[in-house]
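The structure appears below as structure tokens.
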Amino acid sequence: MNRRDFIKTIGLACAGLPVSAHRSACGGLAGTGSTSERRRPNFVVIFCDDLGYGDLACFGHPTIRTPNLDRMAGEGQRWTSFYAGASVCTPSRAALLTGRLPVRSGMCSNVRRVLFPDSAGGLPQSEVTIARALKPQSYTTACIGKWHLGHLPQYLPTSHGFDSYFGIPYSNDMDRVGGEGRQAFWAPKIEYWNVPLMRDEEIVERPADQNTITKRYAEEAVRFIEQKREEPFFLYLAHNLPHVPLFCSDEFRGTSLRGLYGDVVEEIDAGVGRILETLKKHHLAENTLVVFTSDNGPWLTFNEHGGSAGLLREGKGCTYEGGMREPTIFWWPGRIQPGVVRDMGATMDLYTTILKLAGAEVPSDRVVDGLDLTPALFGTGPSPRRTMFYYRGTELFAVRKGPYKAHFITQSGYGSDKPVRHDPPVLYHLEHDPSEKYDVAKDHPDVIADIVKEVEKHRATLTPAEDQLAKRIQKEG
Ligand code: MG
């Protein structure tokens, strides 16, 4: 991308000025600076569960109100081609926290798609999470919310570099003990799902009161920021919602035009507002990068209780755009260039970006898939991400390079259909055709040949990893 296109892409307020002039004209916003010259920045990553690309007002939803996220996007950057590392929970979370495709850590599987309460596996100790990588830089680290990278002690957040943990360690629809089939989801009751709420390694409530969980996570986040504001911190706030079953507090129930799903998203939005207010109140906003995104697309088989991928095709569980492209916002007043970024980015890039900004070491003894997004954030250049690999389990289903995406295998997220292999692959131009409707493979054999070369290069970097999701706890007797 040339400089003119870049300026157009991010919609700079001072468009037309050279980047160096822009830096001074806009009050020295650009540039990474040196972490030794200033206090190390704080990081807050807010990660939703199953929120769709089209579920925020600032991403086009007509009836869900998200005034806090809309303001965050206005003051920061809204990314329109930002990807999760997988289309379901466990592998997606592993990708974000390790900066690596889950196929490298064993956190994806063709046997079971995610971890369950009877799983014996989890994120291996050999993986270096963002939290652990930040510890040598004296960061205080907290994980609040859904973990889903192993609930046994050796896999919990406190075994992976987090100083503290408060949350439900896996999905809110697990430990099912009551209710009739799907009917239970349409009228959910707390007692149907006997999920534990944990503080560090202890269960403090069971079943967790999910009606108040979103509110309590936000309160816990605010408390953490207030208590730790004198030291550099990393807060990973992973909401359990809007994954089904849907719950919200009394204050929000019945208030959204979108129904219960809207109530839930609007409560998450309110929590974001409280967190940003807290950062502003304590004069931390100018030294804190806040990122909001989601782990995978909407769970469409849950009808109105699932979200919307907007104009993107399909949803959770599959490698069409609706499964992995996420509504993403970056916020850091005074540092990042406000605007819309149409370049590609991925949750794995948060790993490398955060570590670089903190002056921490990115592990050099392994393949790290994350890239440093600071050029795009600070307005000094485009995002370095040019390719995206879409996996289902351990199989590579699709690859995006630039505007083109080749599907080698397709399958619906949760249907009974078998995977369909395509040779030549189905090819879509995602900028012209974000809904993946029109196959242009026959017009672009050169593009396909180029993507096939990328696949070969990529495969050469893979080494086998033990499947962590297939292992189950052995029952006695
Ligand atoms: Mg999810």
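253 is the number of the first residue of the sequence shown in the numbering used here; add one for each residue after it. Even for Gly, the Cβ is constructed at its ideal location relative to N, Cα and C.
- Looking at the backbone, the Cα of V296 and that of S416 are separated by about 15 Å.
- Between the ligand MG and the CB of D461, the shortest heavy atom gap is not smaller than 7 Å.
- Burial check for L714: the Cβ neighbour count within 10 Å stays below 16, so the residue is exposed.
- Scanning the stretch 653–712 from its first residue to its last, the whole beta strand (DSSP E) runs of 3-plus residues come out as 656–662 and 672–681.
- The secondary-structure analysis by DSSP pairs E379 with nothing; it has no beta-bridge partner.
- DSSP, reduced to helix, strand and coil, places S416 within a strand of the structure shown.
- For V593, the number of other beta carbons within 10 angstroms of its own is at least 16, and it is reported as buried.
- With contacts defined by Cβ atoms closer than 8 Å, V517 and L303 form a contacting pair.
- Distance from the Cα of P376 is smallest, within the candidate group T530, G413, I298 and K670, for G413.
- Contiguous alpha helix (DSSP H) elements confined to the stretch 382–415 occur at 382–386, taking only those with 4 or more residues.
- Taken from the Cβ of H495, at least one heavy atom of the ligand MG lies inside 7 Å.
- Counting only heavy atoms of the ligand MG, the residues whose C-beta sits closer than 5 Å to one of them are, along the chain, D301, D302, C341, D547 and N548.
- Per DSSP, I465 is one residue of the alpha helix (DSSP H) stretching across I465 to Q479.
- Of the other Cβ atoms in all chains shown, 16 or more fall within 10 Å of the Cβ of L353; this residue is therefore buried.
- Proximity to L609 across P497, Y407 and P484 peaks at P484, based on C-alpha coordinates.
- Annotated three-state conformation of S357 is helix, per DSSP.
- Every unbroken stretch of the beta strand (DSSP E) spanning 3 or more residues and falling wholly within the stretch 547–595 is given here in chain order: 577–583.
- Rounded to whole angstroms, S616 and S344 show a C-alpha spacing of 22 Å.
- Taking the C-beta atoms as reference points, G622 is found nearer than 8 Å to T604.
- Cβ contact annotation for V366 (same chain, cutoff 6 Å, sequence separation greater than five): V340, C341 and T342, in chain order.
- A direct Cα-Cα distance of roughly 25 Å separates M324 from G351.
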